[in-house]
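Residue numbers (mature numbering (1 follows the signal peptide of the UniProt record, and there is no 0)): -20 to -1, 1 to 186.
Right, here's the structure in full:
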């Protein structure tokens, strides 16, 4: 039963990603180090049917920039990390979260809601106000680090980042109405809790 449910979720997500390829091609660097997404896509998007509420909108509009920062952190690991384990984890995070960004962008577009730009949240324009988000100084410090110092910084900050995502996902599960969003939130909680455990083991703090 669990395997069937997991397959169903992956199929739904894959469908949304396939129909929202525009978002993946639009999530490049906007010139100031933050990924950008087209606010007014011209193609139609199909998403799973179902009622949604404001909590679902808030979840998507918050998690998109939250994921974008995690992807940006993971990008840094390609050239700055010294540990192959850190690089492997970073690649795993990118592969998981980039399709989720596309999926949530497709939902917002289908709902007639604005897709957030870069790493800014929709409510106050400050990504650092979201749980676990790194501020500009922390991001600059990470960009300036390399080797073992980067590895430690990456793992320490990514644990906090994941904990923030879990908090946001738990709120969606409690208050959301859109089943695919609640299922995605559940997947985020499961995957990121496992990654937190792994990262703590890598740091020797578990």
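All C-beta atoms, glycine included, are put in the ideal place defined by N, C-alpha and C.
Counted within 10 angstroms of its Cβ, other Cβ atoms place residue i as buried (16 or more) or exposed
i           : result
residue 64  : exposed
residue 49  : buried
residue 116 : exposed
residue 89  : buried
residue 164 : buried
residue 30  : exposed
residue 74  : buried
residue 152 : buried
residue 185 : exposed
residue 94  : exposed
residue 23  : Only weak support is given to the placement of residue 23: the predicted model assigns it a pLDDT of 39, under 50, and the question is left unresolved by the model.
residue 77  : buried
residue 92  : exposed
First and last residue of the uninterrupted alpha helix (DSSP H) at residue i
i           : result
residue 87  : 64 to 90
residue 161 : 159 to 183
Bridge partners - residue i, DSSP secondary structure assignment
i           : result
residue 127 : 61
Own chain residues within Cβ distance below 6 Å of residue i, not counting five before or after
i           : result
residue 127 : 62
residue 70  : 54 and 57
residue 140 : 112
residue 158 : 30, 32 and 36
residue 176 : 139 and 142
residue 67  : 57 and 61
residue 183 : 135
residue 4   : The predicted position of residue 4 is uncertain, since its pLDDT is 37 and thus under 50; a value taken from the coordinates is nonetheless stated next. For residue 4, where only same-chain residues beyond five positions count, the Cβ hits under 6 Å are 82.
residue 133 : 122 and 125
Own chain residues within Cβ distance below 7 Å of residue i, not counting five before or after
i           : result
residue 197 : With the chain running from -20 to 186 in the structure shown, residue 197 is simply not present.
residue 60  : 125, 126 and 130
residue 162 : 152, 153 and 156
residue 166 : 153
residue 84  : 40, 43 and 44
Chain C within 8 Å of residue i, Cβ atoms only
i           : result
residue 169 : Judged by its chain identifiers, the structure shown contains no chain C, having just a single protein chain.
Cutoff 8 Å; reference residue i; Cβ partners in own chain excluding five residues on either side
i           : result
residue 110 : 42, 45, 46, 101, 144 and 148
residue 137 : 53, 114, 118 and 122
residue 169 : 146, 149, 150 and 153
residue 104 : Caution is warranted here: a pLDDT of 44 is assigned to residue 104, below 50, making its placement in the model unreliable, and the coordinate value is therefore given only provisionally. Counting only Cβ-Cβ distances below 8 Å, and skipping sequence neighbours, we find nothing.
residue 34  : none
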